[in-house]
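Student:
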Amino acid sequence: MSYEVVGITVLWSFLYGYLIVASVDFGAGFFSYYSKATKKNHVIHNIIQRYLSPVWEITNVFLVFFFIGIVGFFPSTAYYYGTALLVPGSIAIILLALRGSYYAFATYGAKESKFYSFLYGATGLLIPASLTTVLTISEGGYISNENGTVELLYRDLFTSPYSWSVVILAIVSVLFISATFLTFYASRAQDTNALKLLRKYALTWSLPSIVMGVIVLMLLRAQNIEHYQNILDIWWVFAISFVLFAVATFLIWKGKKYGTAFILIMVQYLTAFFGYGVSHFPYLLYPYLTIYDGFTSEPMAIALIIAFIGGLFLLIPSLLLIMKLFLFDADYVQGKRK
Amino acid sequence: MFIDYDPVIYSRLLTSLTLGFHVIFATIGVGVPLMIAIAEWMGIKRNDPHYTLMARRWARGFVITVAVGVVTGTAIGLQLSLLWPNFMQAAGHTIGLPMFMEVFAFFFEAIFLGIYLYTWDRFKTKMRHFLLVIPIVIGATASAFFITTVNSFMNAPQGFNIVDGILTDVSPLAAMFNAATPTKISHVIITCYLTAAFILGAIAAFHILKGNKHVYHKKALHLTMVSGIIFAIGTALIGDLSGKYLHEYQPEKLASAEWHLETESGAPLILGGFINDENEISYALEIPYALSILAGGTPDTEVIGLNEFPEEDLPPLWIHYMFDSMVFIGMFLAAVSALFVAMNWKKNWNAFNRPLLWAVVAGGPLSMLAIESGWFFAEVGRQPWIINGVMRTAEGATTSQHVDLMLYLFIILYAVLGITVVVVLRRMFKSNPIEHELEERGFAHKKEDEKEVARR
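Keeping their order, the protein sequence lines are chains H and G.
Residue 56 is where the first sequence starts when you use our numbering, and the numbers rise one by one after that.
Residue 23 is where the second sequence starts when you use our numbering, and the numbers rise one by one after that.
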């Protein structure tokens, strides 16, 4: 395997990690606000708070890891994406900043505030929408590279059915992933009311998420035929993804094995996400930038990979520890222990 | 605004705004964990619930500042690519490694901070909980270490060659451990500790001034001032080495900071004053030979003057004021903490007298001001280069047309965040004073404690 492939695999894995943990977080914010607004008497509020409080900071690191890592491995991405994404990138930063800090203000500092929880819920849907801009423009057709400067073509982006369908896919996926995780968490907490509500949310968002996946695929054909062809070549990956989805949804509908269901859904998104990534290969930004022409020097690549392996030795035990303490500790999950 | 739209100027403004705001929380983020660790350690060693509670309360306030530190840190991380795409393209090749490792350090810290905050009453022994704070201290200091090597590289770039405009022979470790690295890192880390000690000390002093007689605040003040004097001495020693570094490697920065015009030996140090367009200095205080001693350790060291450099390679001369205020405040902090510790040590002197307490209170915000001045001096003193001697700032900036709008958006964002942080922190501690919390935990206020402190 070449250093380029190792680099992109590492980064893609972290982006996948962010996709899962951030979805749980963003969706939780929305459900928390929605259940309050519809006067469901804070049924699920405690569940969400107990899970999120110790981990909200970690979620953020996954994202930072990705965008610092990509500049390290593929410095030219900074030139193209950096120049083009000033506005959407800045908006995403502002939303992330409001969300992160107001979460902490509400949880550790002040008393409950309706405004804080609205902010928290709304940003939970707006952030995935603004972040997916990056995936959309990577397909090509939304960037001009003339007179030595890179520019984002806003009109093309905002009038494109493809870009909007990606946004919707992102939002429904966030809600679906989050609801299935929280269903599992509520079942561990033996909180029947929360479980009932969250299970309903999970089932509600299951169908839209898979339908949007298919729609995005159809629209991709017009956007980037080459990419579409590559996807068809590895159709079986997406078929596996669909089967996993079907089994997981069935389990949730039957009301059993929520843990298994959540794992299946994680693998569903893993296969779909890597299938998408592999078929995008070798482009980082179609058609300007491939992983080969934007790659860093060999000594830096080796140094980054060594640092990465060393870092994992530190991270994996720590992550296991925090999961043991807060995710798999029955007393904590059930609220018997602070 | 009266200036024409120029993405370079707006990018510089937005970057300094974000970094200027972030550095407040970053400094607290590096320094406070160590203070928390010391307090918790004292609590265990002396079996004194006051110190344990101190660690607990500091940690609670700390999370709020961490939250803002995290989000503004994320902001600057992304903004580097958004505002300085050409710089990041070059930087990715040379200093991708320390940036990457900084994220790991931050990751490590984030995990253990999450655990630490939620396991106060969970373990059987207090020692086990104390162990959790160590990775936080290490993670916080390590992120400062790694990210400062990036900044050092921008001041003293090495570890690569440029052949026909293309970077070759990159050595990530050489880029990390450049000439500026040792002084810069040690200076950044120790001043973070010093600032944290003074901010926490200022809170304690303020409570005592407001008439709160609880021994908790006296203990907090004593702990922070003893730490303060140690860090202040360290800061002075390292500051001296930094001067010698500048003399050796970035003489134009030193000459601009000191308004040192002609190359000469026995160079005087200039304090304060004004400089006009013809570079004539008025109203300044001159200390003979001091600059030569600062730069080389001997009065006859020859110090290179401003006139040796082409004008387009010189930073603006107002950095002199930044340099002076940083040094003055540093000396003030050393004096205040030394005085407190000395007076507290002498049995029949009262270290808790009002003027000294007010000086400690002033030390809190002043120490943060010194951090800001120091960074402005360091950063503006590197202009007009973004990578010293390699890439001009204008070459690194974005060409995008919307930087001005983003600047206004971020001004609003930071104003909102800044105000909320103050409100939340005040509310948090006002609604839950120390007496109340001690009672809640079953430790009533004991008269003997106060007597014991009075005796000491």
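The C-beta atom is built at its ideal place from N, Cα and C for all residues, glycine as well.
Computed from a predicted model, the values in this text were never measured in an experiment.
State yes or no: is the C-beta of H:ALA244 within less than 8 Å of the C-beta of H:GLN389?
Tutor: yes
Student: Interface residues of chain G around H:LEU359 at Cβ under 7 Å?
Tutor: GLY118, LEU119, PHE122
Student: Just to confirm, is the Cβ distance from G:SER314 to G:GLY288 under 8 Å?
Tutor: yes
Student: Rounded to whole angstroms, what's the CA-CA distance from G:ARG334 to G:LEU268? Just pull it up for me.
Tutor: Note on residue identity: the sequence assigns Glu, not Arg, to residue 334 of chain G. If you take the alpha carbons of G:GLU334 and G:LEU268, they lie about 19 Å apart.
Student: Kindly indicate which three-state DSSP category G:VAL185 falls into: helix, strand or coil?
Tutor: strand
Student: Along chain G, which residues have their Cβ under 8 Å away from the Cβ of H:GLU59?
Tutor: Within 8 Å Cβ-Cβ: nothing; H:GLU59 doesn't reach chain G, min ~14 Å.
Student: Closest to H:SER233 by C-alpha separation, out of H:SER220, H:LEU250, H:TYR217, would be which residue?
Tutor: H:LEU250
Student: Does the distance from the C-beta atom of H:LEU275 to that of H:LEU253 stay below 8 Å?
Tutor: no
Student: How about H:GLY127: is its C-beta nearer than 8 Å to some C-beta of chain G?
Tutor: Yes, H:GLY127 lies at the interface with chain G (some Cβ there is under 8 Å from its Cβ).
Student: Tell me the DSSP secondary structure of G:THR285 in three-state form.
Tutor: coil
Student: Please tell me whether H:GLY14 has its Cβ less than 8 Å away from any Cβ of chain G.
Tutor: Nothing in the structure corresponds to residue 14 of chain H, since chain H is present only between 56 and 393.
Student: Nearest by alpha-carbon distance to H:THR114: which of H:ASN101, H:TYR158, H:ALA133 is it?
Tutor: H:TYR158
Student: Using a Cβ cut-off of 8 Å (strictly closer), state whether G:GLU470 contacts chain H.
Tutor: Because G:GLU470 carries a pLDDT of 48, less than 50, the predicted location of this residue cannot be relied on, and the following value inherits that uncertainty. No, no contact with chain H.
Student: Skipping 5 residues on each side, what residues in its chain have a beta carbon closer than 6 Å to that of G:LEU189?
Tutor: HIS115, PHE182
Student: Could you pull the DSSP bridge partners for G:TYR19 from this structure?
Tutor: The displayed coordinates of chain G run from 23 to 478. Any statement about residue 19 of chain G would go beyond what the structure contains.
Student: Cβ atoms of G:VAL446 and H:PHE160: under 8 Å apart, would you say?
Tutor: yes
Student: Can you tell me whether G:TYR27 is buried or exposed, with buried defined as 16 or more other CB within 10 angstroms of its CB?
Tutor: With fewer than 16 Cβ atoms within 10 Å of its Cβ, G:TYR27 is classed as exposed.
Student: Does any C-beta atom of chain G lie closer than 8 Å to the C-beta of H:ALA77?
Tutor: Under the Cβ criterion of 8 Å, H:ALA77 is not counted among the residues facing chain G.
Student: What residues from the segment 130 to 153 of chain H come within 9 Å of chain G, judged by C-beta to C-beta, listed N to C?
Tutor: PRO130, SER131, THR132, ALA133, TYR134, TYR135, TYR136, GLY137, THR138, ALA139, LEU140, LEU141, VAL142, GLY144, SER145, ILE146, ALA147, ILE148, ILE149, LEU151, ALA152, LEU153
Student: From the beta carbon of H:PHE213, is the nearest beta carbon of chain G less than 8 Å away?
Tutor: no
Student: Using the rule of at least 16 other Cβ atoms within 10 Å of the residue's Cβ for burial, across every protein chain shown, is H:ALA92 buried or exposed?
Tutor: exposed
Student: Considering just the uninterrupted stretch of the beta strand (DSSP E) at H:TYR283, what are its terminal residues?
Tutor: No beta strand (DSSP E) contains H:TYR283, which is instead part of the alpha helix (DSSP H) from 280 to 288.
Student: Please identify the residue among H:LEU325, H:PHE117, H:HIS282 whose C-alpha is closest to the C-alpha of H:ASP80.
Tutor: H:PHE117
Student: Would a C-beta distance cut-off of 8 Å place H:LEU150 and H:LEU107 closer than the cut-off?
Tutor: no
Student: Pick out whichever of G:ALA312, G:GLY396, G:GLY250, G:GLU324 has its Cα sitting closest to the Cα of G:HIS342.
Tutor: When C-alpha distances from G:HIS342 are compared across G:ALA312, G:GLY396, G:GLY250, G:GLU324, the shortest belongs to G:GLY396.
Student: Mind checking if H:ILE320 is an interface residue toward chain B, Cβ cutoff 8 Å exclusive?
Tutor: No chain B is present in this structure, whose protein chains are H and G.
Student: Which first and last residues belong to the alpha helix (DSSP H) in which G:THR170 is found?
Tutor: G:THR170 -> alpha helix (DSSP H) spans 148 to 177.
Student: For G:ALA202 versus G:MET76, is the C-beta distance shorter than 8 Å?
Tutor: no
Student: Within 10 angstroms of its Cβ, does G:MET23 collect 16 or more other Cβ (buried), or is it exposed?
Tutor: No answer about G:MET23 holds up, because its pLDDT of 47 lies below 50 and its placement is not dependable.
Student: Residues in its own chain within less than 8 Å of H:PRO342 by CB, not counting five upstream and five downstream?
Tutor: GLY195
Student: Which residue from G:THR147, G:LEU378, G:GLU280 puts its Cα closest to that of G:THR303?
Tutor: Inspection of the sequence shows that residue 303 of chain G is occupied by Ile rather than by Thr. Looking at the Cα atoms, G:GLU280 is the closest of the given residues.
Student: Look up H:THR341 in the DSSP assignment and say whether it is helix, strand or coil.
Tutor: For the record, residue 341 of chain H in the displayed sequence is Tyr; it is not Thr. In this structure, H:TYR341 counts as coil in the three-state DSSP scheme.
Student: Counting only C-beta atoms, is H:LEU172 closer than 8 Å to chain G at any point?
Tutor: Position check: residue 172 of chain H holds Ser in this sequence, whereas Leu was assumed. Cβ-Cβ to chain G under 8 Å: no for H:SER172.
Student: Within the same chain, show all residues whose beta-carbon is closer than 6 Å to that of H:TYR338, passing over the 5 residues directly before and after it, in chain order.
Tutor: THR345
Student: For G:PHE296, which of helix, strand or coil comes out of DSSP?
Tutor: Here G:PHE296 sits in strand by DSSP.
Student: Should H:VAL119 be flagged as near chain G, meaning a C-beta pair shorter than 8 Å?
Tutor: yes
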